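Asks:
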Amino acid sequence: MNAQVNIIGFDVDDKGQEQLKAAAEAGKGQYFTVGNKVELEKSLQELLDNAVQQIEENFTKASNGIEINYKSVELQQQVDDLGRTFDELSSEERTIFNKAILSLQNQEKIDRDKAMEIEDLADERLQALEAFAEELENEAREKVKNKRESLFKAME
Numbered sequence: 001m002n003a004q005v006n007i008i009g010f011d012v013d014d015k016g017q018e019q020l021k022a023a024a025e026a027g028k029g030q031y032f033t034v035g036n037k038v039e040l041e042k043s044l045q046e047l048l049d050n051a052v053q054q055i056e057e058n059f060t061k062a063s064n065g066i067e068i069n070y071k072s073v074e075l076q077q078q079v080d081d082l083g084r085t086f087d088e089l090s091s092e093e094r095t096i097f098n099k100a101i102l103s104l105q106n107q108e109k110i111d112r113d114k115a116m117e118i119e120d121l122a123d124e125r126l127q128a129l130e131a132f133a134e135e136l137e138n139e140a141r142e143k144v145k146n147k148r149e150s151l152f153k154a155m156e
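Counting with this note's numbering, you get residues 1 to 156 for the letters of the sequence shown.
Right under this line is the structure:
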């Protein structure tokens, strides 16, 4: 929280004004000196206007931050969905290989040793596809994270 100490001095001597100015500066606020009711009301209105402006700016930043977080989560979910789809397709491909190997064995076009050799190659392919998908997912997650961070920095 960014608190400010604003001070209004009314009928204050020079020494008192200096002390009040120092207190306002230390409190990251402003010092106002007023000599009558009109000046007091004007100073209060200025402080109120500044406070309202700050609230509006904070609200806008908060709204933008919520939207950035929402979009980041949405993109992360899309990355996860794509990763799952890729894994499902890879597994389906492996199932097709298994069926083809079994069919070739049943037709006696390949023997058990050749079938095992082909299964090993299919396993290697599945592992390579899974590693590739994981790498792509990690890159996509990193891009989403970096974009989110850059948007938050731009709001500062």
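Ideal placement from N, C-alpha and C gives every residue a C-beta, glycine not left out. This one's a predicted model, so the numbers in the text were calculated from it and none came from an experiment.
What are the start and end residues of the beta strand (DSSP E) that includes G9?
Replies: Note, G9: beta strand (DSSP E), I7 to F10.
Asks: Just list the residues that DSSP pairs V34 with in beta bridges.
Replies: The partner list for V34 (beta bridge, DSSP) reads F10.
Asks: Could you tell me the alpha carbon to alpha carbon distance between E92 and I68, rounded to whole angstroms?
Replies: C-alpha separation (whole angstroms): 36 Å.
Asks: Where are the alpha helix (DSSP H) runs, 4 residues long or more, that stay fully inside the segment 54-94, in chain order?
Replies: Qualifying alpha helix (DSSP H) stretches: none in this window.
Asks: Which term fits S43, buried or exposed, when burial requires 16 or more other beta carbons within 10 angstroms of its beta carbon?
Replies: It is buried - the Cβ of S43 has at least 16 other Cβ atoms within 10 Å.
Asks: On a Cα-Cα basis, can you pick out the residue from I55, Y70, N64 and N6 that is closest to F32?
Replies: Considering only alpha carbons, the answer is N6.
Asks: Cβ of A140 within 7 Å of Cβ of V79?
Replies: It is a contact, given that the beta carbons lie within the stated cut-off.
Asks: For Q4, which three-state DSSP category applies?
Replies: Here Q4 sits in coil by DSSP.
Asks: By a C-beta neighbour count over all protein chains shown, 10 Å radius and 16 as the cutoff for buried, is A24 buried or exposed?
Replies: With 16 or more Cβ atoms within 10 Å of its Cβ, A24 is classed as buried.
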